[in-house]
Each structure stands twice: as structure tokens, then as C-alpha cells.
Amino acid sequence: MVMGHTPQRNINAALQGKAWRIDVGASKGVLGGTPEVLEIIHMGGENDEDIVNILTVDGERISGKERSVPDDIIMDFFDMKR
24 MVMGHTPQRN
34 INAALQGKAW
44 RIDVGASKGV
54 LGGTPEVLEI
64 IHMGGENDED
74 IVNILTVDGE
84 RISGKERSVP
94 DDIIMDFFDM
104 KR
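At position 55 of the sequence shown the residue is numbered 78 (this note's numbering), and the sequence of numbers has no breaks.
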């Protein structure tokens, strides 16, 4: 799932990469964030896995795995127990 209107400092994922927050608050009235792009290559990896990257204005390609927030942080935020 890809979500907007949830400003973050950068594109990041939750729920083991199943939920992506892509709103970087680029508007000066929000966060004045730097634009980024979520790249999804369907079945482009080994064993037909999807490849997910974040593309930056500096020309970097960051693996989506590097931007995944651990589930326990989310569970703690919502004060939820597993």
C-alpha cells in the first residue's frame, strides 16, 4: 500500500515493507522536504520478487530495506501489544 498526505522527512516503509509513506512534505508550507521517488520494479528480483528503491534528487538509489521502520517501533507508538 502506498500512502500520501502523511508528511515524513523521507520516504519510508512500515509493516515489513507492506505500507509505504511517500509524502516528503515538499511544500514550503509543510516541511520543505527534498523530493524523492518510490521505484517499484514488479517481479524484477531473484525468484520474481519485487524490487523497491527510493530515488533521490542527488541521483542515489536507496534500497527500500534501508528505509523500513521496525514493527516494534510502530507497535510502541500505538501502544499495542503483539
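Ideal Cβ positions, reconstructed from N, Cα and C, are used throughout, including at glycine.
This one's a predicted model, so the numbers in the text were calculated from it and none came from an experiment.
- Scanning its chain for C-beta atoms nearer than 7 Å, with the 5 sequence neighbours on each side dropped, one finds around V53 the residues P30, in chain order.
- R90 carries a helical assignment under DSSP once its states are collapsed to helix, strand and coil.
- Around the beta carbon of G27, fewer than 16 other beta carbons sit within 10 angstroms, so the residue counts as exposed.
- Per DSSP, V80 is not a residue of any beta strand (DSSP E), being assigned neither H nor E.
- By DSSP's assignment, R44 forms a beta bridge with M26 and N35.
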